[in-house]
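Structure record follows, encoded as structure tokens.
Residue numbers (my numbering), protein chains in the order written: chain Z, 11 to 329; chain R, 11 to 329; chain Y, 11 to 329; chain S, 11 to 329.
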């Protein structure tokens with residue numbers, strides 16, 4: 011394979027730039043031409059494709075977001091749209107495509123494989139909602155962003171001796187709430203996979219107060235309920251008006267952590283090596299700190315389960 | 011005066027600890043005994059008062075919140091409650107009290123003066139809503155916290171080319187939105203003192219898009235409307251679903267900036283000097299970078315107006 | 011005046027980008043064409059000049075360094091070199107030049123004025139070593155960078171109960187050491203303008219130990235001596251091997267603080283207004299939070315003196 | 011086992027507080043009494059031992075350093091000293107001791123085991139210099155602290171187009187330089203385990219310049235040479251006066267990252283479980299993200315080797 015391309019798709023995540031950089035540098039290292047596509051599959055359809063060299067990715071390893079940008083593409087949903095995309099690649103002689111994104115993006119990659127383009131997926135999403143891999147690019151940064159926010163909120167919660175509800179991202183997957191809850195020192199963690207009753211939360215709260223706790227942090231994944239509703243329930247049951255913070259989009263930004271840059275760099279290089287070796291229709295994952303790849307289809311079939319050790323840890327640490 | 015006390019009251023603000031430290035160190039420097047009161051006026055009533063020495067305030071200059079804690083006191087609202095507070099002070103022989111807080115706290119200080127306690131107020135609130143002073147302790151930190159959040163949000167807004175609404179604190183005073191808007195590079199700034207119509211906002215938005223702007227940041231003070239309502243109006247008028255972030259209580263926490271530590275240190279020393287010189291019933295302020303003090307009553311009468319130069323700056327910089 | 015240019019020169023400072031942005035946006039606001047020059051006076055000589063529009067300065071307000079880059083120019087030292095620079099400007103029809111930098115850069119601006127180019131200087135240097143202005147762009151960021159480093163060092167110093175020497179920038183001017191010392195909570199501050207004897211330092215150290223201080227921070231401006239020499243002297247006198255940190259170039263980088271962005275924005279707009287009004291050969295300054303401009307020559311004649319109030323504050327706070 | 015104790019020893023590392031917190035909470039969870047020892051083995055000898063409860067470790071998970079403090083103990087080197095330590099523990103009825111630190115601390119734990127105290131070691135050092143475990147507590151934070159410094163230095167290096175040498179900690183182990191070099195985007199990484207010649211470095215530098223690189227970052231572990239000597243050699247060979255930053259003790263401080271808090275929490279709980287199960291003279295490690303324990307003696311015999319994958323990654327990414 012002599013010419014390959016890279017794009018980012020779906021929600022952006024810190025570390026995407028580090029992954030692109032690794033893809034570009036590895037391509038050059040292995041004597042391949044490398045192209046960037048702007049705005050994901052949408053840019054592919056509109057031939058927004060340009061060659062990259064080592065300098066194109068200088069000074070981006072530390073930057074959040076993705077300099078290739080990302081977008082949703084309605085046109086790519088139809089086969090007609092996808093054929094345009096394939097044509098755009100073939101016009102330039104590009105045989106392989108690296109897709110950095112989440113499950114939706116990998117489904118898109120699969121569709122392109124059906125049309126004759128070799129594809130490799132790199133998992134990047136702050137949600138860590140892909141079951142086949144221990145971690146996705148961007149997750150470690152998001153966890154650290156949340157716990158930094160918790161540190162700020164602690165200052166004022168301790169001063170006022172208040173209960174605080176922090177709502178974090180995670181529609182179906184509670185990993186961000188779970189990891190940030192355990193490492194942020196939250197007293198209660200509420201995730202969509204393991205709903206707790208309001209009674210349990212209130213018991214915990216009262217127990218903490220008895221023990222002399224000056225404040226109480228509830229970490230709530232958005233998929234497990236809304237912070238304002240929880241606030242109302244607490245008010246009704248305990249008379250305390252808890253403070254609410256909805257962290258929102260700051261969780262998607264920020265300079266990537268060392269871990270995310272490392273994971274992105276390793277995966278970027280591996281993606282190029284896989285294409286070089288003729289592998290296609292695969293996604294890369296990491297299990298027990300070791301990289302592997304498997305068929306997109308098989309990878310996306312796996313069911314995500316919460317880490318049992320972490321759940322137990324949360325229980326022990328919040329005595 | 012041989013014995014004085016210090017308390018923090020109302021909403022906490024970064025730099026309160028630095029102010030307490032300065033009060034303590036200056037008292038020792040001027041050979042006065044210094045006492046700390048826990049939980050503001052509430053702690054005064056309940057005699058939660060203890061002597062402080064130079065070491066009590068070691069390693070706190072850089073910490074957000076207030077180690078003396080703060081609380082609302084219903085009991086202090088009644089004269090009966092206040093007489094208890096005065097008694098508590100007199101029992102120990104404390105003649106002067108330094109109150110660190112906002113306008114409500116200063117009103118409390120006034121009431122104590124009426125009962126024979128000498129008082130000095132130090133302005134600390136992230137809202138910067140006191141007209142008589144250019145800046146309050148905590149404001150600079152809050153502005154920097156907001157613009158750091160904007161930097162994170164920029165990463166993802168630029169990657170997605172989206173409009174973002176950021177709601178910041180400020181019920182009656184738009185200073186936080188104005189300063190953070192200008193220094194965060196917001197395209198539109200919406201404050202309670204100077205309401206803009208939805209049409210104006212949309213015009214600005216469209217103008218930016220024409221000019222090739224990749225994203226658009228709207229900085230909204232909570233007192234000027236709700237972010238979710240603005241989101242709905244934008245959706246109805248432009249079809250774009252803007253992203254909303256409500257920064258919440260992270261704005262009240264965080265390590266104080268150098269400016270806030272400096273202002274707090276200067277004001278803390280000045281408060282002790284004023285008591286030493288027999289001044290009472292005064293608040294400290296800063297105007298054109300120079301400290302001054304004036305009667306609480308007069309200070310609280312002044313009307314806050316938005317900085318005209320800043321408004322004009324915002325207009326020029328968002329062309 | 012219809013066409014003006016802007017360059018950054020000398021050592022870079024956080025906030026330079028914010029100043030360039032303000033210059034560009036104000037030029038557009040006042041209907042002038044605005045050009046950027048790469049690498050300071052060197053780029054002028056080599057005609058590295060290009061037009062800027064509002065978008066050229068999108069997403070740079072929060073970035074450290076200068077996207078126009080900066081360099082030393084030997085060629086500009088000679089009149090021959092300067093005439094080339096003037097020619098380059100005149101070829102494009104540029105009548106006015108805004109120079110962002112320190113005293114050396116302003117001397118360069120003066121020389122250009124002699125050759126018929128109107129010039130305005132904007133002070134940007136982390137050293138705050140210009141006597142005619144209270145603050146320079148970049149200083150507030152540098153102070154905050156230093157105190158953040160102090161916070162990290164406190165963690166380990168407190169754990170080990172050690173004395174720490176922190177060497178900061180400032181060859182002739184101790185402002186960075188003084189401001190960061192006071193706001194970082196240093197026990198001793200050593201600046202070139204006010205040398206202290208090793209005995210004084212040791213006395214302070216011993217006094218602190220007696221008082222139960224767990225650690226001791228010495229903030230040293232590079233111009234007042236070397237950290238390693240001070241370490242040796244302390245070892246010889248007290249037997250304690252103090253820890254040394256030389257902060258180095260991290261002090262010149264980092265995202266600018268809100269204050270630096272605001273100062274840069276205000277000065278950038280003012281520079282354009284001055285050129286528009288026909289003013290030339292002036293530098294902008296800020297005194298008591300108010301902008302002004304004066305002749306370069308007069309401004310550079312003033313003698314910098316340490317802030318007496320700060321010196322006294324440092325003394326009181328380190329009891 | 012009904013009563014156990016915990017101490018921190020040797021150089022401090024971010025995450026030590028999170029480990030202590032986990033030890034305390036797990037002890038309470040498993041119905042054991044838990045004691046803290048101040049200043050490591052020195053405090054043991056001087057009976058500086060006190061009982062801890064769940065609240066003693068509230069609000070410390072996010073703090074750098076160690077609230078139990080740490081110190082070197084000469085007295086503990088002698089059997090006499092150690093017998094005092096054992097006596098102090100036995101007086102209170104403490105049967106098991108958890109030692110948080112590095113190899114020296116584990117040797118101390120071994121010696122105590124010989125005298126009849128059950129011990130478990132938890133690895134905490136920013137150097138990551140223990141061969142038997144993939145990671146030690148504090149390492150991830152130190153890597154992130156270094157790359158944050160690199161980000162700041164990039165601003166000014168890019169603006170000036172300069173070569174920069176960054177000296178980081180690591181006397182015998184180059185892990186910090188290697189991980190921070192790869193994730194900070196350094197062009198050259200110099201570690202004690204794999205010395206490179208000055209020629210290789212200069213070749214790389216020249217190659218980068220040819221390719222249009224605007225600046226060049228050399229990441230140097232202190233054990234592989236001094237930054238100032240390297241600066242001299244580069245000046246002699248290339249004529250360029252590279253900029254030097256010696257990061258020093260900021261690398262040992264700072265709020266622990268989520269990863270370090272998680273590792274510390276997991277290891278803290280595991281240490282208590284091991285003592286509960288009667289295990290002694292063991293250290294805890296993590297391999298492929300799974301915790302394990304092994305005999306101190308065997309663990310310390312293993313030889314640390316550099317990660318081959320990382321070395322290769324560094325080579326590919328710096329093309």
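Even for Gly, the Cβ is constructed at its ideal location relative to N, Cα and C.
One thing to note: residue 179 of chain Z has its Cβ no nearer than 8 Å to the Cβ of residue 199 of chain Z.
Secondary-structure assignment with DSSP links residue 45 of chain S through a beta bridge to S:15 and S:61.
Listed in chain order, the beta strand (DSSP E) runs fully inside the stretch 234-298 of chain R are 253-256 and 292-297, counting runs of at least 3 residues.
Interface criterion not met: the Cβ of residue 27 of chain R is under 8 Å from no Cβ in chain Y. Look at the beta carbons and you see the stretch 161-169 of chain S touching the stretch 211-227 of chain S: at least three pairs across the two are nearer than 8 Å. For the stretch 259-272 of chain S, the beta-carbon criterion of a distance under 9 Å to any beta-carbon of chain Y is satisfied by 259, 260, 261, 262, 263, 264 and 265. Residue 122 of chain Z is positioned such that its CB atom lies closer than 8 Å to that of residue 95 of chain Z. Bounds of any beta strand (DSSP E) do not take in residue 51 of chain R; it lies within the alpha helix (DSSP H) bounded by 50-55. DSSP places residue 227 of chain R in the strand class (E or B) of the three-state scheme. For residue 136 of chain Z, there is no enclosing beta strand (DSSP E), since its DSSP letter is neither H nor E. Contact of residue 174 of chain R with chain Z by beta-carbon distance below 8 Å involves 259. Straight-line measurement puts the Cα of residue 112 of chain R at about 55 Å from the Cα of residue 320 of chain S.
The Cβ neighbour count for residue 246 of chain Y, taken over all protein chains shown within 10 Å, is under 16; the residue is labelled exposed. With 16 or more other Cβ atoms from the protein chains shown falling within 10 Å of its own Cβ, residue 153 of chain R counts as buried. The alpha carbon of residue 71 of chain Y has as its nearest neighbour, out of R:197, R:204 and R:146, the alpha carbon of R:197.
The beta carbon of residue 150 of chain S sits closer than 8 Å to some beta carbon of chain Z. Two segments are said to touch when three or more pairs of C-beta atoms, one from each, lie closer than 8 Å; by this definition the stretch 264-284 of chain R touches the stretch 23-39 of chain R. Pairing residue 86 of chain R with residue 125 of chain R gives a Cβ-Cβ distance that is not under 8 Å. Within the DSSP bridge table, the entry for residue 204 of chain S names S:201 as partners.
Flagged as an interface residue toward chain Z: residue 169 of chain R, by a C-beta distance shorter than 8 Å. Rounded to the nearest angstrom, the Cβ distance from residue 254 of chain Y to residue 237 of chain Y is 5 Å, consistent with a contact under 8 Å. Runs of beta strand (DSSP E) with 3 or more residues, each lying fully within the stretch 111-193 of chain S, are found at 128-133 and 173-178, listed in chain order. Three or more Cβ pairs closer than 8 Å define a contact, and the stretch 177-194 of chain R falls short of that threshold against the stretch 302-311 of chain R.
One finds 28, 31, 68, 69, 70, 71, 72 and 271 in chain S with Cβ atoms closer than 9 Å to the Cβ of residue 195 of chain Z, taken in chain order. Residue 73 of chain S: not part of any alpha helix (DSSP H); DSSP gives it neither H nor E. Within the model, the alpha-carbon separation for residue 46 of chain R versus residue 135 of chain Z is close to 48 Å. Scanning chain Y for C-beta atoms nearer than 9 Å to the C-beta of residue 157 of chain S yields nothing, as the closest lies near 12 Å away. Looking at the DSSP output, residue 99 of chain S bridges to nothing. Counting only residues of its own chain and dropping the five nearest sequence neighbours on each side, residue 286 of chain R has a CB closer than 8 Å to the CB of 11, 40 and 42.
By the CB criterion at 8 Å, residue 233 of chain R and residue 74 of chain R fall outside the cutoff. Non-local beta-carbon contacts of residue 208 of chain S in its own chain, meaning distances under 6 Å to residues more than five positions away in sequence, involve 243 in chain order. Residue pairing by DSSP places residue 300 of chain Y opposite Y:297 in a beta bridge. Between the beta-carbon of residue 49 of chain R and that of residue 81 of chain R there is about 4 Å, and that keeps the pair under the 8 Å contact cut.
Here residue 137 of chain Z is buried: its Cβ has 16 or more other Cβ atoms, across all protein chains shown, within 10 Å. Each of S:206, S:203 and S:168 was checked against the Cα of residue 223 of chain S, and the nearest Cα belongs to S:168.
Across the structure, residue 88 of chain S and residue 69 of chain Z are spaced so that their CA atoms are roughly 54 Å apart.
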